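Scroll down for the structure; my scribbles are underneath it.
Residue numbers (our numbering): 591 to 709.
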């Protein structure tokens, strides 16, 4: 169809290349590094507290509970961020968050199995 007729009938024709290309604002490496750094620094911080205090008995249990609370808050943040990324159609970043969620749940699941036995 000629450009004049398209303009007359207000027909908009989008480029096929624009539909296929991914959004460029999805910086995957930074996304992974930031979230991984937060969880590792948070976890190592609690491990460092256990060692520096030379904690024993119930003190260690309390610090481990605080570490689990930190992981729960981080997990909640990652879940909320995954929902927001879904609404913004940033599917690759959402998938990375879902992988982080799965890994954390697997770690706690395996830890629970070893802690409470193979019931």
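Backbone N, C-alpha and C fix where the C-beta goes; we use that ideal spot for every residue, glycine too.
Source: prediction; values computed, not measured.
Measuring CA to CA, which of 597, 599, 616 is closest to residue 682?
616
Does residue 678 pass the burial test, meaning 16 or more other C-beta atoms within 10 Å, or should it be called exposed?
By the neighbour-count rule (16 or more Cβ atoms within 10 Å), residue 678 is not buried but exposed.
Backbone secondary structure at residue 707 - three-state DSSP:
It is coil, neither helix nor strand.
Beta-carbon separation (whole angstroms), residue 691 vs residue 669, contact threshold 8 Å:
6 Å between Cβ atoms; contact.
If residue 653 sits next to residue 665, beta carbons under 8 Å apart, how far is it from one beta carbon to the other, in whole angstroms?
Not a contact, Cβ separation roughly 19 Å.
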